[in-house]
Every structure is written in C-alpha cells, then in structure tokens.
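Trainee: The structure under discussion is supplied below as structure tokens; questions concerning it will follow.
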Amino acid sequence: MRACGVPAPAPAPAAPPGVTAALVAVLFLGLIVTAAVAAPPEPPSGLVWQDVPNDAGRAVMLEWKPSPADSARRVTAYVLERATAPGGPWTFVDSVTADKHEKKDQGVRRNTEYYYRVTASGPDGLTPALSVTGPVMAKSEWFNRTRWSVLVAIAMFFAFVLWFISQAQAGKKPFVRRIPGIDAIEEAVGRATEMGRGVLFVPGIRDINDIQTVAGLVILESVARLTAKYETPITVPVTYPIPFTIAEEMVKGGYLHAGRADQYDPNSVRFISPEQFAYVAAVTGIMLRERPAAHIFMGAFYAESLLLAETGFATGAIQVAATANVHQLPFFVVACDYTLIGEELYAASAYLSGDPKLVGSLKGGDLLKIAAIIVVVVGCVLESGHIHWLTQWMVTQ
Amino acid sequence: MSLATFFEKLDRRWIFLAMGLLVLFPLLFPLALPLFVSSPVASFVKAVDSIPDGSKVLMSCDYDPSGIPEMVPMTRTALRHLLDKKCKVIITVLWNGGPGLVDKVVRKVVDEEYPDLKYGVDYVNLGYKAGDEAVMVLMGQGIVNAFPKDYRGSDTRSMPIMRGVRDYSSFPMLVNISSGYPGTKEWVQQVQARFHLPMVAGVTAVSAPEFYPYLQSGQLLGLLGGMAGAAEYEKARGEKGSATRGMDAQSLAHFFVAFCILLGNVVQWTKRRRAGA
Amino acid sequence: MKRELPLFLTAVIGIFMILSFFVPHQLVSVPADFLQQCAVIMVAFGYVLGGANVLRVNFDGIYKQKPGWIYKIVLVVALIATVVVGAVEGPGFLNPGTRSKWIYDNIYSNMSATMFALLAFFIASAAFRAFRIRTAEAGLLAVAALIVMLGRVPLSNALTGWLPEWARLQTVQEWIMEFPQNAAKRAILMGAALGVMATGLRVILGLERSYLSGED
Amino acid sequence: MSPAPFNTPEGIGIWIGALLTFCVFSFLYKDNPFYKLAEHLFVGVSAGYYIILNWWTVIYPNLLEPLTKAFAGKGVTERTGMFAAELGDYRGFLLFPALLGVLLFTRLFGRIGWLSRWSLAIIIGVYAGLQTTGFAQGDFVAQVQASLQPLWTGNFLTSVSAVIFTVGLITSLLFFFFSREHKGALGVASRIGVFFLMVGFGAGYGYTVMSRVSLLIGRFQFLLEDWLGIVR
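Protein chains in written order, with our numbering: chain A, 1 to 397; chain B, 1001 to 1277; chain C, 2001 to 2216; chain D, 3001 to 3232.
Rendered as structure tokens:
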C-alpha cells in the first residue's frame, strides 16, 4: 500500500508522569463532554490508495484509518471526494457508513491523475479534510494474474491434444482401449441377424452443431458395415436435414466398405421431423410395426429417451444406448441391455473411426485427467497439513 | 392366470390413470404433510438475507412455460424476499419463451402486494435478449449497452433505476432462476468468477444434482432444487404458495413410482424363478 | 477460397475471444465486446432464419401434398398470423392486453407447459415396465433412486420421522446428494469440460468442418 | 369461485387453453388427429413468436435504432460522427453485423448458400472462445480447486465423508480413462468408480421424477384453479 501526499500534523502532547495524569483525565473527560456537545468529529487520517490490479484501469481502492471520534459513535459516515487538481473543484464520489474504512472508486478514467480526500460527518457537522492524497492514477494491465491456473490448464490441454493428433497423423496410432460398449453393439447386430429382423439406429434428436450427434453418426458408419456384412436391414430415422444427408453418406460408406454397395437400400435413412414428440411418435411406430430386433441409440437425447427405451423394452428388442446428457443416462441404464456412459460415446467414435482429431482429443483429455488427479491428491495432502498456497493459487477472479 | 402374468399383461394406461388420480386427489383434498428446510435452501435464504437492504440486485429468470410449476413459485418468493428488503430489482430473461410469462408473474406480485412501488424506479424488467453466453459477457462491460430498451420498449438509459448501474460490479448478488440452457451453468462459467458476482440459483429438479458441485465449491451460495426446493423456500419465508400445495401430490406420486419399480422387479423375479424351476 | 477463409476467420476470432478472457486491456476488451454484440445480433437473425426455414419446409410439404399436409396448413397459418399480429403491435407487442400477449398466454404458454406434462405418466409406466435390476450397477442405481426419491418428499418425514436424526430418510438423502453423488457429478463435469475444450480447439484449428456442409 | 367466464378475452383464452391441454393429453390414449392438430398449431405459433420476438427485442433495439442514429451522426454519447465508436456505442460499425445477419438468409437459396459461412464463422468463433474459457475455468479448474480439502478435519464424520468424496472423484475420473486396459489396480478403481456413478445416476433419476411430476401438478393446478375455479 503506497502512502504519499501531504502528511497530517499529528499532535503529540507531552505527559510527565504521576500528578498530571489526573489532570489529563479531567481534561479528557471535559473534552469528551464538550465534543459531545459541540465540536464536529475529528477527520480520519492516513488516506492511502492502490490501483485495482487485473482491470482495464477503471478502478482505484482507497483506505483510511478511522477518525478518533468513530469509536465514540459520533461519526455516521465518511464522505469521499475527488478532484483532478490538488486544490481543484471537489466532486462527490460516495459516502460509506461509519464501520467501513475502504472504498473502491470505479468511476475513474484510465491514465488520468486524480486527488482524493475523505471527511468524517456526524450529527455535529462535517470536518474539512486535513490530508489530500494524490496524484492517483489507474493503469490498464495486459494480463490478469489471478487466471494463471486457467491459462496453464488450457495450454497444457491444447499441447497434449495437438501432440497426439500429430502422432496419429504420422501413422503412430496412439492406443485407445476397446470399450465393452462396442462388443455390445456387435452382439446386438448379430442377435438381430439370427432372428432375421432389422436394426434400428437413432443418432439422437439434435442438429449437427451438437458434438454428440457427430459422434453418433461416426458410429453409424461402423454399424452400417456390420449390417451390410450380415445382410440385415437397417433403419435410421433422423430429425434435422444436415444429419439426414450425413447419415445417408455414412450408411452408403458402410455398405461400400463391406463390398456390398448394391445392397444399399435408399430409404433406410428417413427424415422424420425436428419436433421432439412428433419424432418420438414416429420412431415408436417403427418399433411396434417393423419390430426391429436391435435398437441402438447413439447421440444427444433429452426427455424422450424415457419413451424410446420403454417402448423398445416392451417389444423385447436388445437395446444399446449412449449419450453424454447425464440427466438421461439413468433411464437408459435401467431400460437398456448395455449403456455407454457419458464420454464412452466419444471413446467409441474415436476407436471405431480412428480419426486423428477424435483420438487426439481423447488422449489429451486422458492426460489432463491424470494431471487433475495428481493435483487433487497433492492438494488434499497439503490441505490436511494446513498448507494452502496451492488452493490459493488456483482461485481465479 | 397367475398374479405375475396379470401384471405383465397389464395395459400401461391403467398406470397412467393411477398416476393421474394420485396427483389429482391431494390437490382437491390437501394432506398438508409437514416440510423440513434442507441445507441448500437454508443457505439460499441466508445468502439473500446478507444482501444489504436497498441495494440493486440482478435477477435473471431464464425459463419458459414448460418450467411454470417449479420456476414460478421460486420467482414469486425470491421477488417478495428482495422487495421486503427494499432492494431495487433488475430482471432479465434469456429464454425465448420466457419474457411474457416472467412479466406476468412480476406484474402480479408487485401490483397486488407492493402497490406503492413504481416501475422504472423500484423494479424494471429488461426483457429478452438473444445470444446466451455472449449477452452475459456483453453485460459485463455495460448493462445498458446490452439492453438499450426494456421489455415494454422504453429507453433504459433514461430510467432512474438504471442510473449508477454500470456493469456487474453495481450488484451485490445475482439471483438466477433457470431451467436449462442458457441458465445457471452458463452464469457460473461466464460471470460468477470472471466478474466476481456472488450468485444463488433456483433450478428445476432434473438439473439440480448437476449443480451440487457448484454449491460445494462456493460458486453458488445457495440452491433451490425443483418444487421441493421452492416449497421449502416458501416455508422458510412463511408463505404458502403453489409449490407447497403441490408437495402432497409429489409425495404420493413418488411413492407410487417407487412402488412401480419394486412391483415390476418382483414380477420379473417370480417369472424368472418359475421359468427356472 | 470458399472454405479456407471462413475457417481462418473462425480461428482468429476464437483465439481472440480466449485472449479476451486473460487480457483486461482495453485494446482487447473493446473489440471483444463488439464481437459479442455482433454475435447477439446474428443469433437473433438465426432465429428469424429458423422460422423462415420452418415456413419453407411446410410450404414444400403442402405443395407436394405430402401425408398430413392439412396439418401443415394449420402450422403455416398460425406462423404467419403470429408474425403479422406481432409486427402490427410494435415494440410493446407483449404488454398486457395486446393480441400477441393473448396468443402467448393462452396458446403458446399452455401448449408448452402441457407437452412435458405427459412425461409424468410415462415415468410411472416406465418405472413399472422397464426398470429392470439385472446387474449390480442397476441395483445400486435403484437403491440410490429410491432413497433420494422418497427422502425428498414430506411423506418420508412422516414415515422415518421417529428414527434418530442421522437415520432419517431425509438426512441419508442429503448425505448421498452431498458426497457420493457430488463426487460422481464433479468427475462427469470435468470430463464434459475437456470434451468442450477439445471441440473448441478443433473448431479454432479448422479441423471441425461439420458446419461447412453444403456446396463447395 | 366460478369457472372461467365466456365473455372476457381472458376467459375465452383459458377455455381454449384447457381445450388444447386435453388435445395434448389425448396422446396418452393414442396418437390421434386432435393431438396432431394441437402440435402443428404449437409448432407454428412458436416459430412465428420466435421470429417477431427476436425482431422487436434484439434486431430493432440493438441494431436498427443505433444504426439510424449513427447515419444522423449521433449516438449514445455526445460525440458526433458516424464511426465515432467507443465501448458499447458502435454506431456505423453495426453495418458489419447487419450485413452478416442478412447473409445468413442465403442458406435458404441452395446455390449461394456458401455466403452464409462468413456469419457462421463468426458465431462459431465467438462461442468456441467463450465456451472454451468458460468450461476451462468454471467446470475444470474451479472444480479441481474446490476438491482440495483436508482429509482429516477434527470431527470423524466429516473426515470420512471427505475421504469418500475424494476417493469417489478419483475413481470416477479413472472410469473415463481410455489409454490403458481396465485391468489390475486400474480395473478395481474403475469398478469402484462405476458404483459412485450409479449412485449419481440414481440421485438423477429420483430428481427427474420430481420434475416430470411437477409438470403434471402444474397442469392440474391450471385446470382446477384457472379453468374450473374449484380450488383456491
């Protein structure tokens, strides 16, 4: 805290010991009595200022020591005034109740000089300020120092992801474990083939801007390869136009990969409607009429997940579901034979497609999770030993 | 036909009927079961009480008519809580479907219970703005820059209540009532830490569990979860609103769903054991 | 040229917005503020485009007499009526007493509220018909669901009110919400955050081309 | 309290609202023309309402009015000049979002649809930047920071709860770890993680039931109080 400006004259009465102590006490009593009656409260002292850090130079923090009269309840408020010259015209900034001894003035313009003074006002009137503080200047800063931890997290994450993407593009495919959900999908398609019935694939109800829909459509390509190989009919009802066109490309690509381009049925991918309940009515209609033996739900689902899973369960079909919408997972977990939980949807799409950017993001995320676990373990140990610097460092303002 | 197959063949429309009756009955003949205020609701009340009386408070109501039964009681009780503290309330609505509903609720509370308050002096409804996170950060550099006009189409810069309101630093707290995107999560991510604005939130029950981590970390100072949270808030404020009246029906409905889960599984076990035997 | 420049523009703006989080200086914060004002305006245009798209798709449906085209006529008439009435009534079109407010209060508001009310019925039938406890995980989910579901409503106090404080359904439910559930949800939050950050990075580097579909 | 009257606009409105409510409830019995009619009416009204709402509350006050003032050289602050912009008062520069907003409509006409990519580029760039920093701070760093808690507080119960919380957090995170097979210690950890996740989903299920039932309660309250006026 920098303190500069005109020093306030502080009276220092000499006090010889013993005899005069009683006199001083009487005088002091008299003072209190008279002060209580007439004199306005003494002014506060030691006004210091500090440019509020991490901002665009728009605020200054001012602090002062309370006036001696404050403890005697004779001060109701401190009035803060500002001027652009030491003696210049004073403009009112704000008044603060007696118990507070600091004020953040947020109306300053950056890089301009100001002078401040604070006066104590009470029931007996207002005392002119003794000390004037200035020149005060608020500066704009280039970096918010409290956000270091966020910068480190983002920089680390971007570095990991980019490194893994370049690894994957250079042919050295990073290892991604085969999650059991993928076996469940293959088993479901296999069962549908044995029973000679079709497969229903629902890529979620959102448009292409939701990354869950993108992941669902990537998985659709691999499922289409399986249905092509097993010559099992596949039905893909879709809600929005763009996912509809991409779903068609995915199913065609699947049949192409399996070497059965001729078997591709153009109306296996059907555009239904973006309206949630109209879409659900149509899909449950397909479940009940065409009775596919396997239902695969991969993508963004909301309140309608309950209706789809329940009707599907009633038809006895084997159901595999995946969504990153946490509030819908409970319904899928209890109603479906297998459910990929949250991020497993992205892991499945990365594993099946081997796409460098998907695998890179996944592996980068893994490393940052390990980093987070280490920080939590170290942090908890430090906190248990009442050492708080790590916790403080991570607090962002 | 054994009991198990009877239940299995049961047409689900009977279950619909049972649920309908169980919800309708307590609305006609209230059971008035006692409520207990849980800790997230108690911290919500404590946080709003800590707002200095007479200060200007930002209240963002981000929901639409699909959230009426949970969000409207919270909005009413929170608004009364702030107006009793002589706070000046500035309302924003970031959901497309919300402005008409929020204005009706606010107008009804103020006209019937605080007739002496003047619009534009003691409270203002800034209405809707598109842009979700973008408009939240835009308000960080100037509330009137983001909302040049209010809900009623009049200019906000000339309103007495908006004098002295620059950006989030003008508010001691944000009271956010929201039922999805954009809502509490976006306010916490874009505004709470970045603009140092303490925050309390009232949310729908389906999204409440997701916000407990924010409550534990202190990003939220208080949380109302669904109709139960609204009813407990009404009880803490000594009111008896639509949320409290609905809680009896919640009790019966919840026990009925629990009964369905158990019955469904008992039917399943008996069928499997008979098939196995 | 049609694809590379927009991708480059996205990269520049994305990096600039990340920068504006860390740099309070006005040379960064004022342009960022302007970009946010542009985003607000363009998202509003996006909604108007969405409405126009609904109009076009349904006109097409009526013109080609697709199944259920009669309902599409109702849709188109309702859309145009709402827009015309709102345009006539000016900026204060949602003030009390206007026709737009009447449409909003009675048609839009009621329908929007009722649409989701159906789910209460389906949740009960799904609980009965599709809530199968076949694995240990589903069993644990069921136990937690029952405790939280019953502990959250007043009837639980009537049932377990006689037990000591710590054993009551309400307190057990609060402990579950505050510790095990909180830990799981926090892990999911952090995982989702990494997913969004990865998508943000891919968008900024122009690797995410999904929004560029359509003719080249 | 009497049922809603027939003569006042509000009364008629409530009767129509009740009628539409029953049309939607008819979906419970089976999908039928009444439900389809009500649903298409709803989609039409909401699409129209979104258009006119975004026009009067965003495009008009945030774009058109400042632009017309800017052409006259005026703006919010007393400085004159069409491009004399400063924070929050962008005057002539608003031509830029105006043009890009209009370009969005080229998506309706297939051939020149690619022009809309410029608007999409900016929208996606702004939101990618905002969400990346928002999630990084609010949902990652702040969550890790809040998980740093003493594992041994004075009281036994809070210490056990803190240990359970930390173990739950770490094992749930390890469940979403895809770079190594889940065998051995990692396998055990991820199995424990699944149990914590299942408790989380159970709590989610319980709360979702309350939300869905609340909506039904809200509808019955509308029918009983506003429409029939039986209960008050």
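We put the CB at the ideal spot given by N, CA and C, even for glycine.
Computed from a prediction, not measured in an experiment: that's the story for all the values here.
(1) Using 8 Å as the limit for Cβ to Cβ distance, is residue 160 of chain A near chain D?
(2) If the cut is a Cβ gap below 7 Å, which residues of chain B does residue 3048 of chain D touch?
(3) I'd like to know whether the C-beta atoms of residue 3215 of chain D and residue 2117 of chain C end up nearer to each other than 8 Å.
(4) Count the other CB atoms within 10 Å of the CB of residue 32 of chain A; is the residue buried (16 or more) or exposed (fewer)?
(5) Among all the DSSP beta bridges, which residues are the ones paired with residue 1155 of chain B?
(6) By Cβ distance, which residues of its chain are closer than 6 Å to residue 1079 of chain B, with the 5 residues on each side in sequence left out?
(7) Where residue 3204 of chain D and residue 1272 of chain B are concerned, what is the direct C-alpha to C-alpha distance, given to the nearest angstrom?
(8) Is residue 1069 of chain B near the ligand ADP, in the sense that its beta carbon is under 7 Å from a heavy atom of that ligand?
(9) Pull up the distance between the alpha-carbon of residue 3109 of chain D and that of residue 2176 of chain C, whole angstroms please.
(10) What does a CB cutoff of less than 7 Å around residue 325 of chain A pick up in its chain, not counting 5 residues either side in sequence?
(11) Measuring straight from C-alpha to C-alpha, what distance separates residue 335 of chain A and residue 53 of chain A?
(12) Whole beta strand (DSSP E) runs in the stretch 226-313 of chain A with 3 or more residues, listed along the chain?
(13) Can you list the residues of chain D that residue 369 of chain A reaches, using a CB-CB cut of under 9 Å?
(14) Label residue 3029 of chain D either buried or exposed according to how many other C-beta atoms from any shown protein chain fall within 10 Å of its C-beta, with 16 as the threshold for buried.
(15) Any idea what DSSP makes of residue 75 of chain A, helix, strand or coil?
(16) Under 7 Å between beta-carbons, which chain B residues line up against residue 3236 of chain D? List them in chain order, please.
(17) With DSSP as the reference, label residue 1241 of chain B as helix, strand or coil.
(18) So is residue 3181 of chain D in contact with chain A if we call contact Cβ pairs under 8 Å?
(19) Below 8 Å between beta carbons is the criterion; list the residues of the stretch 2083-2109 of chain C that meet it against any residue of chain A, in chain order.
(20) Taking DSSP as the reference, what is the three-state secondary structure of residue 1125 of chain B?
(21) With three or more C-beta pairs closer than 8 Å as the rule, is the stretch 3016-3027 of chain D touching the stretch 255-271 of chain A?
(22) Any residues in the stretch 3028-3052 of chain D with a beta carbon nearer than 7 Å to a beta carbon of chain C? Which ones, in chain order?
(23) Are there 16 or more other CB atoms within 10 angstroms of the CB of residue 30 of chain A, so buried, or fewer, so exposed?
(24) Using a Cβ-Cβ cut-off of 8 Å, state whether residue 3224 of chain D counts as contacting chain C.
(25) Helix, strand or coil: which one does DSSP assign to residue 3179 of chain D?
(26) By the 10 Å Cβ neighbour count, where 16 or more other Cβ atoms means buried, how is residue 2 of chain A classified, buried or exposed?
(27) Which of the residues in the stretch 379-393 of chain A, read from start to end, lie with their CB under 7 Å from any CB of chain D?
(28) Could you name the residues of chain B that residue 284 of chain A contacts, counting a contact when the two beta carbons are closer than 9 Å?
(29) Closer than 8 Å by C-beta to residue 1155 of chain B: which residues in its own chain qualify, once you throw out the five before and the five after it? Chain order, please.
(30) Using 8 Å as the Cβ pair cut-off and three pairs as the minimum, do the stretch 1209-1216 of chain B and the stretch 1177-1190 of chain B touch?
(31) Output yes if chain B places a C-beta closer than 8 Å to the C-beta of residue 2026 of chain C; else output no.
(32) Mapping DSSP to helix, strand and coil, what is residue 1084 of chain B?
(33) Taking 8 Å as the CB-CB limit, is residue 3142 of chain D close to chain A?
(34) Thinking C-beta only, is residue 1203 of chain B closer than 8 Å to residue 1178 of chain B?
(35) What does residue 1206 of chain B touch in chain A if you count any residue whose Cβ is under 8 Å from its own?
(36) Keeping to the same chain, check which residues put their C-beta closer than 8 Å to that of residue 1146 of chain B; ignore five residues upstream and five downstream.
Mentor: Checking against the coordinates, here is how it stands:
(1) no
(2) At a C-beta separation below 7 Å, residue 3048 of chain D has no neighbours in chain B, since its nearest C-beta there lies roughly 12 Å away.
(3) yes
(4) Reliability fails at residue 32 of chain A, whose pLDDT of 49 lies under 50, so the model's placement of it is uncertain and the value that follows must be treated cautiously. Exposed, because fewer than 16 other Cβ atoms sit within 10 Å of the Cβ of residue 32 of chain A.
(5) B:1149
(6) 1109
(7) 29 Å
(8) Questions concerning the ligand ADP fall outside what the structure shown contains, since it holds no ligand whatsoever.
(9) Taking the CA atoms as reference points, residue 3109 of chain D sits about 54 Å from residue 2176 of chain C.
(10) 300, 301, 302
(11) 54 Å
(12) 234-238, 269-271, 294-298
(13) 3173, 3174, 3176, 3177
(14) exposed
(15) coil
(16) In the structure as shown, chain D begins at 3001 and stops at 3232. Residue 3236 of chain D is therefore absent and cannot be evaluated.
(17) coil
(18) yes
(19) none
(20) strand
(21) These segments do not touch.
(22) 3028, 3036, 3037, 3038, 3040, 3041, 3042, 3043, 3044, 3045, 3046, 3047, 3048, 3049, 3050, 3051, 3052
(23) Only weak support is given to the placement of residue 30 of chain A: the predicted model assigns it a pLDDT of 47, under 50, and the value that follows is read from those uncertain coordinates. With fewer than 16 other Cβ atoms within 10 Å, it is exposed.
(24) Output row for residue 3224 of chain D: interface = no.
(25) The three-state secondary structure of residue 3179 of chain D, taken from DSSP, is coil.
(26) Summary for residue 2 of chain A: the model assigns pLDDT 39, below 50, so the residue's position carries little reliability; its value from the coordinates is reported in the next sentence. Looking at its Cβ environment, which holds fewer than 16 other Cβ atoms inside 10 Å, residue 2 of chain A is exposed.
(27) 379, 380, 383, 384, 390, 391
(28) What residue 284 of chain A touches in chain B: nothing, since even the nearest Cβ is about 12 Å away.
(29) Within its own chain, the residues whose Cβ lies closer than 8 Å to the Cβ of residue 1155 of chain B, once the five positions on either side in sequence are excluded, are 1148, 1149, listed in chain order.
(30) yes
(31) no
(32) helix
(33) yes
(34) yes
(35) 327
(36) Contacts found: 1129, 1135, 1138, 1139.
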